[in-house]
Amino acid sequence: MRVLFLLLIGLVVIAPLALAQSGVVKKEVLYNGIELSSPWPPLRTAKEMKSLEPMAVPYLKNGPRVVPIDLGRQLFIDDFLIESTDLKRRFHQPKYHEKSPVLKPEMAWEKSKTAAFAAPFSDGVWFDSKQKMFMMWYRSATGRTCLALSEDGVEWKRPELDLEPASNVVLKSNRDAATVVLDHHAEDEKERFKLFEARTKKSPYHIALRVSADGKKWSDEVKVSGPSWDRSTIFYNPFRSLWVASIRGHDHVGQEGVHRLRCYREANNARDVLGWTQHTDLVAKGDYIPGDLQPWVAADKLDPRNPDPRFQHIEPQLYNLDVFPYESLLVGLFTIWQGPDNETCQALGIHKRNEVLVGFSRDGFHWDRSNRERFLGVSEDPKAWNAGNVQSVGGGCLVVGDKLYFYCSGRTMQPADSGATGLATMRRDGFASMDAGDVQGSLTTKLLKFSGANLFVNLESQRGGLQVEVMDEQGKVIDGFSRDKCLPLVGDSTKVMVRWRGGKDLSSLAGKPVRLRFYLTKGSLYSFWVGDAKGASNGYVGAGGPGFVNNQDK
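Last residue of the sequence shown: 618 (this note's numbering), numbering continuous.
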């Protein structure tokens, strides 16, 4: 018996060692079938990051043979899902709401002798399903953190809180940027809300974590990071149950175009994600330790330059990157700095030009940035609330009915230096559509696998129509799911079920690899998904919204 026990112990010790020596490493496979490389995160060099070449996206070249689609609406922001098509992809941008700015500096504590400011930086806008309220954290001109509340996301009020008499101030600390996260997975109710603030209590900047049960009363600092820079943010990646630090790096010895870039760190919890020790300057120069901080992403040659002829020579830089989960992928809000430098701005009485672009990631590290149109842009009117320096807000977007709500900060120098909060909206899933004109077009997906029973689409086709057929692995149309048996869909809806004559649903195909082929005329197809009869996608909805429990569509 003892001999058998020793043999078993030997197998337990030797087997993993043999696997390691043979080079066999078990790789992580994501919800969408993407297999992560080893080591992970990838060891991207500082030279690659600063090359001005767009970031390569491995899963678009070598994706999974079969794509599982049980999690979230499937968006056409790239070719990950597409086998072949003659439809045309069109990217869309949100439009500023007519009531923008929806919050502007009006109170004494939002003003200083030289400026007025009532805008997130990144802070956050979330919908808390427990309090049934939109909640906005923002920065005042005096560096205080304040809280505004809204029932509809458009009209905002300042609640009277306890920290300062008759004010909505929640923190007096003189902070720079900050990120607020409503943590739906918090084990302790006292830590449902997490705030990561950049401040200089210790030189240089550091990121300090505070926690709260309601977003109003905050704890003392419970964790402080290693050295950092001001415009650094944190986000939660629910697809891998990890916290990620998007840390501003600075390369003071490099070219002008690489001064502002991003470093990366991931961890299992909100405290450990702040556990780096290296200075971001060293990481930006390429002197880094894997697992501490490491190079991630920077601006590249395709990013827009300042349209002012005086500054068009300036290489764009990545000023900030806020990230949030939407349906089946991560969306990145890339704040692109276009100059000029702070000294020139002060001399000319203008703001540096920052505009927000959008990118997408299906593995949490690599970014597809095919859309280089300005997503949240600067107004060319020098008196507008967003005449310069538009920046994104933590939480990303909220789903409000059939629309996505994006908040941002904007700045102007007229009549004085001030910052306010804007709101922009777009169609749900509206980042990109696959379009057809008068001539019917088609789109065939790669092999897909699902467990649901009902196919839904987000479609606008007022004058044309959509039909769908289902094919097996060999490309043969499956009996009962042919195009001629599909009831044509005409109209405009962000959620409509696809039906076939005879009343068959997709339950008989659950777990089997199949392809979908969409036939479209005079219309736009935004997304598809397979879910329950109510059309719930099980995907993530950014920072939540009315009607959702937490931030998932269930």
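Every residue, glycine too, gets a C-beta built ideally from N, C-alpha and C. Note that the coordinates shown come from a computational prediction; the quantities given were computed from them, not determined experimentally.
Best match in the options for proximity to residue i [C-alpha to C-alpha]
i    : options                : result
D278 : D345, S214, D192, A362 : D192
E444 : N435, M477, S434, S425 : M477
R29  : C409, H156, V131, L107 : Any question about residue 29 goes unanswered here, given that the chain covers just 65 to 618.
G459 : D536, T508, I298       : I298
K559 : G544, N333, R491       : R491
V594 : D367, G608, V395, D617 : D617
T585 : L151, Q455, R263       : L151
K163 : R203, E524, V218, G97  : V218
G474 : M561, I133, K159, K168 : K168
Q538 : L580, W564, Q376       : L580
A484 : P184, K111, K177, K125 : P184
A172 : H161, V189, R208, M197 : R208
L412 : E391, P446, V308, R433 : P446
Q526 : V422, S186, V554       : V554
T149 : C550, Y390, A500       : A500
S214 : Q195, I378, V457       : Q195
G127 : G505, L551, V93        : V93
L139 : S392, S546, N453, F545 : S392
H377 : G403, F495, D596       : G403
P106 : E117, K91, R154, D493  : K91
W564 : V347, H314, A607, V532 : V532
T399 : E285, R324, V286, L511 : R324
G544 : L551, N522, K568       : K568
F424 : D466, F495, P359, C327 : F495
G97  : F144, A120, W104       : F144
Q504 : G528, W449, A110       : G528
DSSP bridge partner residues for residue i (one or two, in chain order)
i    : result
I146 : T509
K258 : V245, V275
N418 : W401
D432 : F424
E524 : D556, S588
I311 : C327
G156 : Here residue 156 is His; the residue named in the question, Gly, does not match the sequence. BP columns for H156 are empty, so no partner.
P132 : K513
W220 : S214
N518 : G595
G529 : T585
Own chain residues within Cβ distance below 8 Å of residue i, not counting five before or after
i    : result
D405 : K416
L235 : R208, T209, L227, L259, E261, R274, W282
W307 : I298, F299, Y300, N301, E330, A331, N332, N333, A334, D336, V337
E99  : K91, E92, V93, P128
D556 : L523, E524, S525, Q526
V605 : Y390, E391, L462, V463, F612, N615, Q616, D617
G566 : G544, K549
Other residues of its chain near residue i: CB distance less than 7 Å, five sequence neighbours each side excluded
i    : result
H248 : N614, N615
A250 : R256
Y95  : P132, L135, F303
G318 : Bear in mind that the predicted position of G318 carries a pLDDT of just 48, short of 50, making it too unreliable to give a figure here.
S601 : G136, R137, E391, W593, G595, D617
P118 : D364, L366, R433
F181 : P169, E174, R203, S204, A205, S482, G483
K177 : none
A230 : E224
N- and C-terminal bounds of the alpha helix (DSSP H) containing residue i
i    : result
Y123 : 122-125
H111 : Here residue 111 turns out to be Lys, not His, going by the sequence shown. Its alpha helix (DSSP H) spans residues 110-113.
Enclosing beta strand (DSSP E) for residue i [first to last residue]
i    : result
D187 : 180-192
T264 : Segment: none, T264 is in no beta strand (DSSP E) and carries neither H nor E.
M200 : 197-204
V233 : 233-235
L213 : 209-214
F545 : It is not in any beta strand (DSSP E) - F545 carries neither H nor E in the DSSP assignment.
I298 : 297-301
Cβ neighbours of residue i in the same chain (closer than 6 Å, five flanking residues each side left out)
i    : result
G599 : F520, K559
G290 : W340, T341
M200 : V189, A212
L116 : D364, K365
G321 : Unreliable placement is indicated for G321, whose pLDDT of 43 sits below 50; the coordinate value is still reported in the next sentence. Taken in chain order, the residues that qualify are E379.
S86  : Because S86 carries a pLDDT of 48, less than 50, the predicted location of this residue cannot be relied on, and the following value inherits that uncertainty. Hits under 6 Å: none found.
S515 : D134, A574
Review point. Which full runs of the alpha helix (DSSP H) of 4+ residues lie inside the segment 328-416, going along the chain?
Key: For the segment 328-416, whole alpha helix (DSSP H) runs of length 4 or above, ordered along the chain, are 344-349, 406-412.
Check your understanding: In the segment 452-498, which residue ranges form an unbroken beta strand (DSSP E) of at least 3 residues, counting only runs that do not cross its ends?
Key -> For the segment 452-498, the full-length beta strand (DSSP E) segments reaching 3 residues or more read 452-464, 467-476, 482-491 along the chain.
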